[in-house]
Amino acid sequence: MDNQNIARFGILANGIFAGMGLAISLSSVPVLRVVPDPVPAWATTYKTGASIAIPAIFLSSAAHFYLYYRTKDTRSLVAGLLSAVSGPYTLIVMKPTNDKLLEMNDNATMIRDKIQSNQLIQKWTKLQWFRCIAGSAAFVYAVISYV
Numbered sequence: 699m700d701n702q703n704i705a706r707f708g709i710l711a712n713g714i715f716a717g718m719g720l721a722i723s724l725s726s727v728p729v730l731r732v733v734p735d736p737v738p739a740w741a742t743t744y745k746t747g748a749s750i751a752i753p754a755i756f757l758s759s760a761a762h763f764y765l766y767y768r769t770k771d772t773r774s775l776v777a778g779l780l781s782a783v784s785g786p787y788t789l790i791v792m793k794p795t796n797d798k799l800l801e802m803n804d805n806a807t808m809i810r811d812k813i814q815s816n817q818l819i820q821k822w823t824k825l826q827w828f829r830c831i832a833g834s835a836a837f838v839y840a841v842i843s844y845v
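Counting the sequence shown from 1 gives a position; my numbering is that position plus 698.
See below:
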């Protein structure tokens, strides 16, 4: 595969992640604010999103890092870092909130504290914006750098 196609593949994966992040932040989150019990809706969004986000983060990062390995062009390194940042951010910063929400969702017999679940959803929403912005920045940077 030539360098141009590797760059295109990285941009495609960035675009998928950025588009998903924007769709979640601008479409799913407003729904979470108005449904009577947002936890099951959040869990569906989370599980579906993870099945798209994890491969998109991995593939975009791998493409940019591989291109950097081949060319030593620092733009590819920066694109790879911008692409990758959402992975550790999710595991380190978002995981405690995600785990609490997943536990609430998985424990069907538990009566949910509406205030607590809404607070967790609000916290998750704020944390999600970082991924949305980071993913969009990675996409825009890659497009500008390679095109």
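Don't be surprised by glycine CBs; every beta carbon is placed ideally from N, CA and C.
Nothing here was measured: the structure is a model prediction, and the numbers come from that model.
Considering only the alpha carbon of each residue, which of T746, S784, P738, N703 lies closest to S816? Per the sequence presented here, residue 816 reads as Asn, with Ser not at that position. P738 is the residue among T746, S784, P738, N703 whose C-alpha sits nearest the C-alpha of N816.
Quick one: using the 10 Å Cβ neighbour count with 16 as the cut-off for buried, is M718 buried or exposed? With 16 or more other Cβ atoms within 10 Å, it is buried.
Could you work out which residue in P736, N703, A754, G708 is closest to T823 when comparing CA atoms only? Residue P736 is the option with its Cα nearest to T823.
Just to confirm before moving on: does the CB-CB distance between Y764 and I704 stay below 8 Å? Going by C-beta atoms, Y764 is nearer than 8 Å to I704.
To the nearest whole angstrom, what separates the beta carbons of A836 and A777, a pair I think is in contact under 8 Å? The pair is a contact, with the Cβ atoms about 6 Å apart (cut-off 8 Å).
With DSSP collapsed to three states, give me the class of K770. The answer is coil: DSSP assigns K770 none of H, G, I, E or B.
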